[in-house]
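First the structure, in the form of structure tokens, and then the observations on it.
Residue numbers (this note's numbering): 365 to 587.
Below you can see the structure in the form of structure tokens.
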């Protein structure tokens, strides 16, 4: 499958293009070689290949992907966890000024990265940081939604982390309805962006690899 240069240009210049979509574009265009490049090189290659001026949000998401995919920082340092979560959600990483991540943002960051790479056990500082965020937002840290359970547990995350999150919608407490809605809307946007780029087959391949195709379809219908 080849990339449509006009559609990719539009996606690269949009501040809303999601990290999984960018990851797919980069892999299709450059293989995994781009993971060894610095952000400036990636910017120049994208500009030359697609006649695009990538938005600052896109560039920040790509920078976050480089850290999240190539290192374990997201899983062991709360500063990296917060900054990468911000970047994947808003496109603004807040590396220089500490800005606590929203619980919904943390949930989406874990969800999106689980579509890209295998999750590692989360370190003590990340788990404590998330517990503080849950308490600050008035949530029960002892009964979080499934995806955040995997963050708070000091063991290897389940390979079914995303399936658990999407499929167990009815098991979420009333207090998590806003969280559930946010993740559902993000998943819809993700599917739309892949289809808009003409990359529906790539999305299907990704979901089938994670055994998520039927679950995501059911989630979209329910939403």
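Glycine included, C-beta positions come from ideal geometry on N, C-alpha and C.
Query: Contacting residues, own chain, Cβ-Cβ under 6 Å from residue 390 (five flanking each side not counted); Result: 398
Query: Inter-residue spacing [alpha-carbon to alpha-carbon] between residue 533 and residue 544; Result: With a pLDDT of 48 at residue 533, under the threshold of 50, the modelled position of this residue cannot be trusted; read the value that follows with caution. Taking the straight line from one Cα to the other gives about 7 Å.
Query: Coarse secondary structure for residue 554, derived from DSSP in three states; Result: helix
Query: Limits of the alpha helix (DSSP H) - the one that residue 402 falls within; Result: Premise fails: residue 402 is in no alpha helix (DSSP H) and is neither H nor E.
Query: Three-state secondary structure assigned by DSSP to residue 466; Result: coil
Query: Coil, strand or helix - residue 417 by DSSP; Result: coil
Query: Residue 488, DSSP secondary structure in three states; Result: helix
Query: Backbone secondary structure at residue 533 - three-state DSSP; Result: Because residue 533 carries a pLDDT of 48, less than 50, the predicted location of this residue cannot be relied on, and no value is offered for it.
Query: Nearest residue (CA-CA) to residue 385, options 572, 554, 478, 569; Result: 554
Query: For residue 492, the nearest candidate out of 443, 469, 451 (CA to CA); Result: 443
Query: Residue burial classification, residue 573 (beta-carbon count within 10 angstroms, cutoff 16); Result: exposed
Query: Burial state of residue 535 (16 or more Cβ within 10 Å); Result: Residue confidence is low: residue 535 scores 47 on pLDDT, short of 50, so the model does not pin down where it sits. Its coordinate-derived value is still stated next. Burial call: exposed.
Query: Residue nearest to residue 373 in terms of C-alpha spacing, selected from 400, 456, 409; Result: 409
Query: Nearest-angstrom beta carbon gap, residue 379 and residue 421 [assumed within contact, 8 Å]; Result: 4 Å
Query: Three or more C-beta pairs below 8 Å linking the region 401-417 and the region 444-451; Result: no
Query: Exposure of residue 549, with buried meaning 16 or more beta-carbon neighbours within 10 Å; Result: exposed
Query: Under 8 Å between C-beta atoms of residue 425 and residue 375; Result: no
Query: Residue 380, enclosing alpha helix (DSSP H) - first and last residue; Result: Residue 380 -> no alpha helix (DSSP H), and no H or E assigned at all.
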